[in-house]
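Novice: Dumping the structure here so I can ask a few things about it.
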Amino acid sequence: MLIVFHGENAGSFSQGFSDLLALGADVVTLPDALSSEADRETYAAADVIVGTRYDATLPRPSALSLFHVPGAGYDAVDLSALPASAVVCNCFGHEQAIAEYVMAALLARHVPLTDADQRLRAGDWKYWAGALDRTHEELAGKTIGLLGFGHIGKAIAARAKAFEMTVHVANRSSVAPSALVDRSFTLDNLDGFWGTVDFIVVSVPLTAETTGIVGADAFAAMRRSAVVFNVGRGPTIDEAALHDALASKRIAGAVIDTWYRYPKPGETDVQPSRLPFNDLPNVVMTPHMSGWTNGTISRRQRTIAANVARRAKGEPCVNIVGTGGS
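Okay, so the sequence shown: first residue is 14 according to the numbering used here, each after it adds one.
Okay, structure coming up:
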């Protein structure tokens with residue numbers, strides 16, 4: 014069996030991967046750009062490919078049994094271009110890390126540790142207890158709105174509840190109130206959702222339905238104190254509407270981890286948008302890092318290895334998103 018990890022992202026999961034397999038396999042890591050004929054031939058001969066993208070510009074792996082995306086999003090995989098023999102799967106395991114990222118960003122807005130430290134080093138006691146003008150905020154009692162209630166949304170809800178927050182959910186399918194959810198909305202009733210929360214975390218996958226789902230009308234309906242987080246896919250929030258809402262201070266701020274423009278192989282110093290978000294003081298910008306932890310890599314490796322073993326034995330895989338030739 015030949016297992017190919019294609020590209021820098023997928024290659025991150027190749028180290029130690031053979032140790033997770035109870036069957037013999039050749040594991041090869043190829044670069045993003047398959048510039049040599051040898052690399053293209055190896056790709057075309059693969060039984061299993063772990064990669065983030067596939068389209069007709071790549072060699073056709075005619076005997077492919079499994080194409081595994083090493084993450085949740087598979088919008089860059091053209092299922093119809095893969096051979097019909099291939100099962101296509103994705104994996105999660107990032108929800109713990111992303112939930113911690115969201116909570117860290119929330120806490121950073123409410124507990125000014127860095128500013129207090131820097132000030133006190135200079136002899137400034139700005140946050141000293143004992144006067145009303147020196148208080149800071151708490152998360153307890155605030156309302157967080159989760160646009161999407163899949164793996165990520167559930168993990169954030171559990172942590173928000175530990176901080177005594179109220180949780181509102183907007184999801185494609187109805188979500189019943191529970192120990193984690195205080196109120197829910199469906200995607201056809203978002204007009205009632207936007208104005209009910211202090212924070213909005215967007216984690217829906219990118220589809221035709223969700224592209225631009227957070228647009229100018231949504232920002233107009235939000236509280237002026239609202240803070241928006243994007244940990245799903247950049248284009249789920251309308252790029253121009255987000256910039257305008259921040260620049261005009263229609264909302265208080267944003268924490269953006271998923272973007273509209275990404276570096277291509279070999280590129281450096283690439284701004285993540287055609288608009289100057291980097292000039293705005295009320296946005297925290299991070300480079301699609303929220304789910305990228307050692308724990309995420311380990312959990313995803315185990316999922317991929319288990320699916321390789323299942324496919325080799327003729328057993329059903331988990332997290333199937335489609336088949337080749339679709």
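Here a beta-carbon is modelled for each residue, glycine too, at the ideal position from N, C-alpha and C.
Beta carbon of R246, beta carbon of T281: below 8 Å?
Specialist: Taking the sequence shown and counting its residues from 1, one reaches residue 246 at position 233. Taking the sequence shown and counting its residues from 1, one reaches residue 281 at position 268. Contact: no.
Novice: What residue range is occupied by the uninterrupted alpha helix (DSSP H) comprising A168?
Specialist: Working through the sequence shown from its first residue, we reach residue 168 at position 155. From DSSP, the alpha helix (DSSP H) with A168 extends over H164 to A175.
Novice: On a CA-only basis, which of A121, G37 and L47 is nearest G20? Give me that one, please.
Specialist: Locating residue 20 in the sequence shown gives position 7, where the first residue counts as 1. Closest by alpha carbon: L47.
Novice: Which of the three DSSP states is assigned to H256 in this structure?
Specialist: In the sequence shown, residue 256 corresponds to position 243, counting from 1. Three-state result, H256: helix.
Novice: Contact between the stretch 119-127 and the stretch 62-73 is defined here as three or more beta-carbon pairs at a separation below 8 Å; is this criterion met?
Specialist: In short, these stretches do not touch, since the Cβ pair count stays below three.
Novice: Alpha carbons only, please: which of R315, P44, V321 and A170 is nearest the one belonging to V215?
Specialist: To locate residue 215, count along the sequence shown from 1; it is residue 202. Taking only the C-alpha atoms, the option nearest V215 is A170.
Novice: Which value, in whole angstroms, describes the spacing of the CA atoms of A89 and W305?
Specialist: In the sequence shown, residue 89 corresponds to position 76, counting from 1. In the sequence shown, residue 305 corresponds to position 292, counting from 1. Each residue's Cα considered, the two are about 19 Å apart.
Novice: Mapping the DSSP letters down to three states, classify S191 as helix, strand or coil.
Specialist: Residue mapping note: residue 191 aligns to position 178 of the sequence shown, counting from 1. Here S191 sits in coil by DSSP.
Novice: Please state the DSSP three-state secondary structure of D128.
Specialist: The residue labelled residue 128 in the question sits at position 115 within the sequence shown. In this structure, D128 counts as helix in the three-state DSSP scheme.
Novice: Assign W138 to buried or exposed, taking buried as 16 or more other Cβ atoms, counted over all protein chains shown, within 10 Å of its Cβ.
Specialist: Taking the first residue of the sequence shown as position 1, residue 138 is located at position 125. Label assigned to W138: exposed.
Novice: Who are the near neighbours of A231 in its chain, counting only those whose CB is closer than 6 Å to its CB and skipping five residues on each side?
Specialist: On the sequence shown, position 218 is the one that residue 231 refers to. These residues qualify, in order along the chain: W207.
Novice: Can you say whether M302 is buried or exposed, counting buried as having 16 or more other CB atoms within 10 angstroms of its CB?
Specialist: Position 289 of the sequence shown, counted from the start, is the residue given in the question as residue 302. With fewer than 16 other Cβ atoms within 10 Å, it is exposed.
Novice: Using a 10 Å radius around the Cβ and a threshold of 16 neighbouring Cβ atoms, would you call Y275 buried or exposed?
Specialist: Here the question's residue 275 lines up with position 262 in the sequence shown. Exposed, by the Cβ-count rule.
Novice: Check this for me: beta carbons of F26 and I333, under 8 Å apart or not?
Specialist: Residue mapping note: residue 26 aligns to position 13 of the sequence shown, counting from 1. Residue mapping note: residue 333 aligns to position 320 of the sequence shown, counting from 1. No; because the gap between Cβ atoms is not below 8 Å, this pair is not in contact.
Novice: Give me the Cα-Cα distance between D251 and A183, rounded to the nearest whole angstrom.
Specialist: As a first step, residue 251 must be located in the sequence shown, where it is residue number 238. As a first step, residue 183 must be located in the sequence shown, where it is residue number 170. Rounded to the nearest angstrom, the two C-alpha atoms are 18 Å apart.
Novice: If you count every other CB in all the chains shown that lies within 10 Å of the CB of A23, and 16 or more means buried, which is it?
Specialist: Locating residue 23 in the sequence shown gives position 10, where the first residue counts as 1. By the neighbour-count rule (16 or more Cβ atoms within 10 Å), A23 is buried.
Novice: Please state whether the Cβ-Cβ distance between L193 and F176 is less than 8 Å.
Specialist: Within the sequence shown, the letter at position 180 stands for residue 193. Within the sequence shown, the letter at position 163 stands for residue 176. The answer is no: Cβ separation not under 8 Å.
Novice: Cutting at 8 Å between CB atoms, please list the residues of its own chain near K167, excluding the five before and the five after it.
Specialist: As a working mapping, residue 167 is identified with position 154 in the sequence shown. So the qualifying residues of the chain are E108 and L193.
Novice: Please say whether F105 and A118 have beta carbons closer to each other than 8 Å?
Specialist: The count along the sequence shown starts at 1 and reaches residue 118 at position 105. The count along the sequence shown starts at 1 and reaches residue 105 at position 92. In this structure, F105 does not lie closer than 8 Å to A118 by Cβ.
Novice: Can you tell me the Cα-Cα spacing of L361 and L36, whole angstroms?
Specialist: Nothing can be reported for residue 361, as the shown portion of the chain is limited to 14 through 339.
Novice: Can you give me the Cβ contacts of A234 inside the same chain, cut-off strictly under 8 Å, excluding the 5 residues immediately before and after it?
Specialist: Indexing the sequence shown from 1 puts residue 234 at position 221. For A234, where only same-chain residues beyond five positions count, the Cβ hits under 8 Å are D204, W207 and G208.
Novice: From the DSSP secondary-structure annotation, give me the bridge partner or partners of M298.
Specialist: For the purposes of this step, residue 298 is identified with residue 285 of the sequence shown, where counting begins at 1. Beta-bridge pairing links M298 to I269.
Novice: If I'm right that R315 touches L33 with Cβ under 8 Å, what's the distance once you round it to whole angstroms?
Specialist: For the purposes of this step, residue 315 is taken as the residue at position 302 of the sequence shown. For the purposes of this step, residue 33 is taken as the residue at position 20 of the sequence shown. Rounded, the Cβ-Cβ distance is 6 Å, consistent with contact.
Novice: Do G158 and I213 come within 8 Å of each other at the CB atom, strictly closer than that value?
Specialist: For the purposes of this step, residue 213 is identified with residue 200 of the sequence shown, where counting begins at 1. For the purposes of this step, residue 158 is identified with residue 145 of the sequence shown, where counting begins at 1. It is a contact, given that the beta carbons lie within the stated cut-off.
Novice: Taking the C-alpha atoms as reference points, what is the distance between L160 and E50?
Specialist: The residue labelled residue 160 in the question sits at position 147 within the sequence shown. The residue labelled residue 50 in the question sits at position 37 within the sequence shown. When rounded, the distance between both Cα atoms is 45 Å.
Novice: Should T55 go down as buried or exposed, given a rule of 16 or more other Cβ atoms within 10 Å for buried?
Specialist: Taking the sequence shown and counting its residues from 1, the one referred to as residue 55 is at position 42. Looking at its Cβ environment, which holds 16 or more other Cβ atoms inside 10 Å, T55 is buried.
Novice: From S187 to A265, what distance separates their C-alpha atoms?
Specialist: Residue mapping note: residue 187 aligns to position 174 of the sequence shown, counting from 1. Residue mapping note: residue 265 aligns to position 252 of the sequence shown, counting from 1. So the two alpha carbons sit approximately 29 Å from each other.
Novice: Taking all protein chains shown into account, do 16 or more other C-beta atoms lie within 10 angstroms of the C-beta of R313, making it buried, or fewer, making it exposed?
Specialist: Along the sequence shown, read from residue 1 onward, the residue named residue 313 stands at position 300. It counts as buried.
Novice: Helix or strand or just coil, what does DSSP make of A118?
Specialist: Residue mapping note: residue 118 aligns to position 105 of the sequence shown, counting from 1. Helix at A118.
Novice: Provide the residue(s) that pair with I62 in DSSP beta bridges, ordered along the chain.
Specialist: The residue you call residue 62 lines up with position 49 of the sequence shown. DSSP output for I62 lists V17 and F80 as bridge partner(s).
Novice: Going by the CB atoms, is the gap between D211 and A239 shorter than 8 Å?
Specialist: Here the question's residue 239 lines up with position 226 in the sequence shown. Here the question's residue 211 lines up with position 198 in the sequence shown. Yes, the Cβ-Cβ distance between A239 and D211 is below 8 Å.
Novice: According to DSSP, what are the bridge partners of V90?
Specialist: Start at 1 with the first residue of the sequence shown, and residue 90 comes out as number 77. Answer by DSSP bridge pairing, in chain order: Y67.
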